[in-house]
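Numbering (this note's numbering), first residue to last: 1 to 444.
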């Protein structure tokens, strides 16, 4: 195990801590559906600079300045008890500038090569390089909505962060990180665009939404770290092209075109199902998050800050995935993505409220959770443009998670490539990654 030593832990407040009039962000059904989701965590790797003595102080000052713009990340989740109907409501309080957690750590015995291992294996001790392990969205009532950690290693720096998904989705958090990096690099604070905050966009649904007390669980369910396996799969531009061509040839459709990402995800879904040991009759689920900003009617602006993502589910038996081929699997994902429409989204939120605000707990051991692959992040997010004065990142990774297995998708460092950080958390899938490499390397 790596010896990671915490040097300091503090709260960084926005430069202007009082924001009158920014009091509440009311949460939508698609937000509240994520109450039991762990904070997503990401890490950027940098080479160690030759001469850098003030990086930590400069970064903390930059975080304070960036939070002045992205003030919801400095807020807190508030739970309000509604005694008249025995329900609770949640909202984000932005008015007091509570701040973000910042951790400074060192791991002097660890080198970059210890963390970026051959064949994409991820060491178990990598968990210690992240600031909010095991923290769920609902824990935001007592935990900061944003946490950042800088860990100095022998020949590099690992910059990691975790965030509450109720306040931001992947698109929003990477925009914050990019703004933070620009401020840290050159002190640029002028000419930064003001925040465009997602407002309430669900006509016909009153807020705050009242959730039955019976749907609220405060206990944390954790799993043994030994049951978790991780590996990063790198897909070159050429391999992605081959998969995309193969998938489109197999479906032979003039109306539907399989995208590069859909082909890669289908390839992984099939490979994992093939290696899982599940019976052919068992159903598996590939749950893909989609950005809804431009899918809504009227659409929201692309720069709109908040959580505007929704998840759709492609379902297939193990037998169908293995026997029908890459094109068929990609088509199931494509159909699911195309079904993520304004009409279906509004039907979902209306039914969710009408049917008692049932909050899924697939991350804590349900059958659907055990058989699910959750796909998040996106190769469209520009992760390698974030220069904090240390040069461009040399790698990006995802942080630990509990419950359902996840495929975290990143843009690769080479143009046109994709990295997929696979995290298999449950005992059902725990041995899959040991035998998966050869299967993924082939094009079935």
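Here a beta-carbon is modelled for each residue, glycine too, at the ideal position from N, C-alpha and C.
Spell out the partners DSSP gives residue i in its beta bridges.
i           : result
residue 8   : 104
residue 484 : The structure shown does not extend to residue 484, since the chain is modelled only from 1 through 444, so no value can be given for it.
residue 321 : Paired residues: none, contrary to the question.
residue 148 : 102 and 161
residue 282 : In the DSSP output, where bridge partners are listed per residue, residue 282 has none listed.
residue 136 : 38
residue 79  : 90
residue 260 : In the DSSP output, where bridge partners are listed per residue, residue 260 has none listed.
residue 398 : 42
residue 153 : 107 and 156
residue 198 : BP columns for residue 198 are empty, so no partner.
Apply the 10 Å Cβ neighbour rule to residue i and answer buried if 16 or more other Cβ atoms are within range, or exposed otherwise.
i           : result
residue 347 : exposed
residue 332 : buried
residue 121 : exposed
residue 218 : exposed
residue 320 : buried
residue 279 : exposed
residue 411 : buried
residue 230 : buried
residue 4   : buried
Helix, strand or coil for residue i per DSSP?
i           : result
residue 287 : strand
residue 342 : helix
residue 170 : helix
residue 182 : helix
residue 312 : strand
residue 93  : strand
residue 377 : strand
residue 226 : Confidence in residue 226 is poor, its pLDDT being 49 and thus under 50, which makes the residue's placement too unreliable to answer from.
residue 24  : strand
residue 364 : With a pLDDT of 46 at residue 364, under the threshold of 50, the modelled position of this residue cannot be trusted, and the question is left open.
residue 270 : helix
Please confirm if residue i has its CB atom under 8 Å from at least one CB of chain B.
i           : result
residue 147 : Of the protein chains in the structure, only one exists, and it is not chain B.
Rank the options by C-alpha distance to the C-alpha of residue i and give the top, closest one.
i           : options               : result
residue 340 : 292, 264, 424 and 202 : 292
residue 165 : 109, 376 and 184      : 376
residue 7   : 103, 284, 92 and 248  : 103
residue 60  : 389, 152, 184 and 312 : 184
residue 95  : 75, 27, 278 and 136   : 75
residue 15  : 386, 71 and 174       : 71
residue 211 : 325, 81 and 130       : 81
residue 253 : 334, 215 and 286      : 334
residue 12  : 32, 58, 63 and 38     : 63
residue 303 : 170, 162, 157 and 87  : 170
residue 139 : 39, 153, 424 and 382  : 39
residue 400 : 422, 284, 314 and 306 : 422
How far does the alpha helix (DSSP H) with residue i in it extend, from its first residue to its last?
i           : result
residue 406 : Where residue 406 is concerned, there is no enclosing alpha helix (DSSP H), although the beta strand (DSSP E) it sits in stretches over 405-411.
residue 31  : 29-32
residue 42  : Segment 41-47 is the beta strand (DSSP E) holding residue 42; no alpha helix (DSSP H) there.
residue 142 : It is not in any alpha helix (DSSP H) - residue 142 carries neither H nor E in the DSSP assignment.
residue 66  : 55-69
residue 113 : 112-115
Quick check on the DSSP output: the beta strand (DSSP E) that includes residue i runs from which residue to which?
i           : result
residue 245 : Looking at the DSSP string, residue 245 is not in any beta strand (DSSP E); the run it does join, the alpha helix (DSSP H), is 237-251.
residue 461 : Outside the modelled stretch of the chain, which goes from 1 to 444, sits residue 461, for which no answer is possible.
residue 421 : 418-424
residue 189 : It is not in any beta strand (DSSP E) - residue 189 carries neither H nor E in the DSSP assignment.
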